[in-house]
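First up is the structure itself, then whatever we jot down about it.
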């Protein structure tokens, strides 16, 4: 009997450990998997060789499904960067005051640098992205940006002021370039350029069954892109699960381990979903995510704010951020409140009609918008207007004489007189996101609050 109880206790401990490991490693697997898709190229989405920019030539629409909660305010410029062989130089042009940001993210989703209007200004510049172990000198006038891991994602966003502004933004995008340090200031592209479809970096072992693939990804990428020294103890704790094994234990796993991994993953995923819905500050129905992407506590390069109020070591929060909004910015760059419900607490659905009334518009240094997403997959929503967001740059938006604003949120048209202010919703559940780029202090300290969404029919 004691042996049976001991065996059951051991299994329960393995399940708990697997849940902890999944929560810890989830951002890594989501991030690297997404970067892999970008580098390999996916029809209808981002795709460019490693160390090369992919530039969106239009605002994103529902056909794009590579990243949850994509924005519809900017043209993306995205690159997957491998710093293992050598540093890469990011060149940015003078944008003449136009808002842009080059958000630099490591393999663990740490936002470790912001190059752009808020962080570094809009003047022309050259920034050397160097790996964690690189030592060397840089040309005069070049700024060093040290990355926590050799794998880096650059998520660039350049503001678009209406459809007619797209050509001007496209011209700027062509001046965002990446080049090896050894070739600088030579051609933007190396002669040995890889093609979409290549993934020259560590990848999971073929042959691992589907339900254990995420663990194989975690094993490979934890070893390729180790966490900071202060977190190495976690790898030792997870050793009984096979995550530190040099060869894959998931090709022919022990049944007990396989079962524990599956149960632990399911429990962790449930906890992440619950956190997203219940653990964020809620005011007027809006969930305030201002500090959701604050995990980074060790890596503060150009454009970051190294203050205690903008750092947290909360693995659950980091996992929730990767699930609900991979590649989100710190709140000081952009604030993203979202909501699932109206002012009464009822879930938002396309079966009803709603009004979002602003007595006072969001105070921002750049721009604001409300974007519609389906729930629970958080993708843009097809609609007859082809309108996926609405905000201060929406052509034809009608304001009241006192400067206040009404936005009509519903599935069916509110009628010709109100369509200028209509944000189309899907037929079923949805989750709008308010985006405030370069939010004023009033947004960050909570003295400005968003109005609730009210049901009107």
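Numbering (full-length UniProt numbering), first residue to last: 1 to 457.
Ideal Cβ positions, reconstructed from N, Cα and C, are used throughout, including at glycine.
The bridge partners DSSP lists for residue 453 are 356.
Taking all protein chains shown into account, residue 380 has 16 or more neighbouring C-beta atoms within 10 Å of its C-beta and is therefore buried.
For the pair residue 227 and residue 386, the Cα-to-Cα distance works out to about 42 angstroms. Apart from the 5 residues on each side of it in sequence, residue 110 sits with its Cβ closer than 6 angstroms to the Cβ of 148, 296 and 299 in its chain, given in chain order. By the Cβ neighbour-count rule, residue 400 is exposed, with fewer than 16 other Cβ atoms within 10 Å of its own. When the alpha-carbon of residue 367 is set against those of 273, 452 and 440, the nearest one is in 440. Only residues of its own chain outside the window of five on either side were considered, and among them 249 have a CB closer than 6 angstroms to the CB of residue 242, listed in chain order. Residue pairing for residue 341: DSSP places it in a beta bridge opposite 347. Between residue 24 and residue 239, the CB-CB gap reaches or exceeds 9 angstroms. The Cβ neighbour count for residue 325, taken over all protein chains shown within 10 Å, is at least 16; the residue is labelled buried. Looking at the DSSP output, residue 422 sits in a beta bridge with 408. Counting only runs of 3+ residues, the beta strand (DSSP E) found wholly inside the UniProt domain "DUF1254" (50-180) occupies 74-82, 88-92, 100-106, 111-116, 125-130, 143-146, 151-159 and 177-180, in chain order. Taking each of 163, 330, 129 and 22 in turn and checking the Cα distance to residue 396, the smallest one comes out for 163.
The DSSP-derived three-state label of residue 381 is coil. In summary, residue 331 is buried, with 16 or more beta-carbon neighbours lying within 10 Å of its beta-carbon over all protein chains present. Within 10 angstroms of the beta-carbon of residue 106 lie 16 or more other beta-carbons, which makes it buried. By the neighbour-count criterion, in which a residue is buried when 16 or more other Cβ atoms sit within 10 angstroms of its Cβ, residue 68 is buried. Its chain contains 219 as the residues whose beta carbon lies nearer than 7 angstroms to that of residue 245, once the 5 sequence neighbours on both sides are disregarded; these appear in chain order.
Contact fails between the region 172-188 and the region 11-18, because fewer than three Cβ pairs, one in each stretch, are under 8 angstroms apart. Around the beta carbon of residue 229, fewer than 16 other beta carbons lie within 10 angstroms, which makes this residue exposed.
For residue 282, the beta-bridge partners assigned by DSSP are 287. Look at residue 205 here: in three-state DSSP terms it is coil, with no helix or strand label. Residue 439 sits in a strand when the DSSP states are folded into three classes. Sorting 81, 75, 36 and 57 by C-alpha distance to the C-alpha of residue 66 places 36 at the top. Counting along the chain, no beta strand (DSSP E) covers residue 300, and no H or E run does either. When the beta-carbon positions are compared, residue 414 and residue 353 come within less than 9 angstroms of each other.
Contact between the region 44-60 and the region 69-80 is present: three or more C-beta pairs spanning the two stretches fall below 8 angstroms. Shown here, residue 327 sits in coil according to DSSP, grouped into three states, outside any helix or strand. Under DSSP, the beta-bridge partners assigned to residue 335 are 436. Within 10 angstroms of the beta-carbon of residue 410 lie 16 or more other beta-carbons, which makes it buried. In this structure residue 157 is in contact with residue 74, their Cβ atoms being roughly 4 angstroms apart against a cut-off of 8 angstroms. Bounds of the beta strand (DSSP E) holding residue 367 are 364-371.
Secondary structure note for residue 389: its beta strand (DSSP E) is the uninterrupted segment 389-391.
Taking 9 angstroms as the cut-off, the Cβ atoms of residue 88 and residue 180 count as close. For residue 104 and residue 350, the gap between their C-alpha atoms comes out near 36 angstroms.
Secondary-structure assignment with DSSP links residue 430 through a beta bridge to 374.
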